[in-house]
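Numbering (the working numbering), first residue to last: 754 to 953.
Note that CB positions come from ideal geometry on N, CA and C, so glycine has one too.
Since we're looking at a predicted model, the values are computed, not measured.
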Amino acid sequence: MNNTVFHNYHITRKDREKQLKQPGMVLWFTGLSGSGKSTIANAVEQDLFHSGYKTYTLDGDNIRQGINRGLGFTAEDRAENLRRIAEVAKLFVDAGQICIAAFVSPTKADRKLVKDIIGEDDFIEIFVDTPLEICEKRDVKGLYAKARKGEIKNFTGISAPYENPEHPDLIIKTEHKNVGQSAKAVTECIKSHLKSKNYE
Numbered sequence: 754m755n756n757t758v759f760h761n762y763h764i765t766r767k768d769r770e771k772q773l774k775q776p777g778m779v780l781w782f783t784g785l786s787g788s789g790k791s792t793i794a795n796a797v798e799q800d801l802f803h804s805g806y807k808t809y810t811l812d813g814d815n816i817r818q819g820i821n822r823g824l825g826f827t828a829e830d831r832a833e834n835l836r837r838i839a840e841v842a843k844l845f846v847d848a849g850q851i852c853i854a855a856f857v858s859p860t861k862a863d864r865k866l867v868k869d870i871i872g873e874d875d876f877i878e879i880f881v882d883t884p885l886e887i888c889e890k891r892d893v894k895g896l897y898a899k900a901r902k903g904e905i906k907n908f909t910g911i912s913a914p915y916e917n918p919e920h921p922d923l924i925i926k927t928e929h930k931n932v933g934q935s936a937k938a939v940t941e942c943i944k945s946h947l948k949s950k951n952y953e
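(1) Does the region 884-898 come within contact of the region 848-864, defined as at least 3 CB pairs closer than 8 angstroms?
(2) If Phe-880 and Lys-868 are in contact, beta carbons under 8 angstroms, what's the gap, nearest whole angstrom?
(3) What would DSSP say about Glu-916, mapped onto helix, strand or coil?
(4) Taking only runs that begin and end inside the region 801-856, name each unbroken beta strand (DSSP E) of 3 or more residues, in chain order.
(5) Who pairs with Leu-923 in a beta bridge, going by DSSP?
(6) DSSP state of Leu-780, grouped into three classes?
(7) On a Cα-Cα basis, can you pick out the residue from Val-893, Arg-901 and Cys-942 that is closest to Ser-788?
(8) Any chance the region 924-938 sits against the region 783-799, with 3 or more Cβ pairs inside 8 angstroms?
(9) Identify whether Thr-909 lies in helix, strand or coil by the three-state DSSP scheme.
(10) Using alpha carbons as the reference points, say which of His-929, Ile-925, Lys-930 and Lys-950 lies closest to Cys-942.
(11) If you reduce the DSSP assignment to three classes, tell me which class Ile-887 lands in.
(12) Assign Gly-787 to one of three DSSP states: helix, strand, or coil.
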């Protein structure tokens with residue numbers, strides 16, 4: 754029996770966005786481990802924060818140490834990991850925040866689930882398209898080497914597939930751009946979203 758009671762709160766998303774003078778949205782960075790997702794996401798957050806925007810970044814460090822601590826890396830656990838992240842990101846959107854999320858999110862089905870939960874209008878997909886060989890060279894933790902030895906199971910790019918996004922809002926090829934250039938490409942991409950409403 755479901756005894757959930759939904760309360761009718763008087764402060765709405767629109768009210769929060771008007772107070773913050775910004776739209777709530779999710780910037781979803783996807784790509785292989787070592788592609789540069791988190792580095793670029795961090796640079797984007799710094800640019801937005803110092804421009805006066807209210808932001809928060811979700812990544813494996815703050816998610817898997819807390820809300821998703823009990824999940825492993827099977828296909829089922831990965832899907833549940835992303836579902837929970839999407840639900841948290843949706844709350845940030847409702848709070849009028851710019852939520853920045855950097856996760857491998859390897860399959861089209863996973864990313865569709867995330868997009869469906871957050872909502873198409875609030876979801877901006879950024880594909881950090883870095884070749885596998887470059888990701889392996891950047892791998893300071895040695896995860897790819899362990900995966901190739903079979904020490905890490907279900908590792909995306911080695912023993913588990915990564916499905917490239919078909920229609921991302923932005924593609925960043927990091928072999929042709931440095932971190933600053935990549936971050937600027939993102940802020941240029943979302944400029945129209947940031948100015949889509951009049952909060953005066």
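Here's the rundown:
(1) no
(2) Not confirmed; about 13 angstroms, so no contact.
(3) coil
(4) 808-812 and 851-855
(5) Ile-879
(6) strand
(7) Val-893
(8) yes
(9) strand
(10) Ile-925
(11) helix
(12) coil
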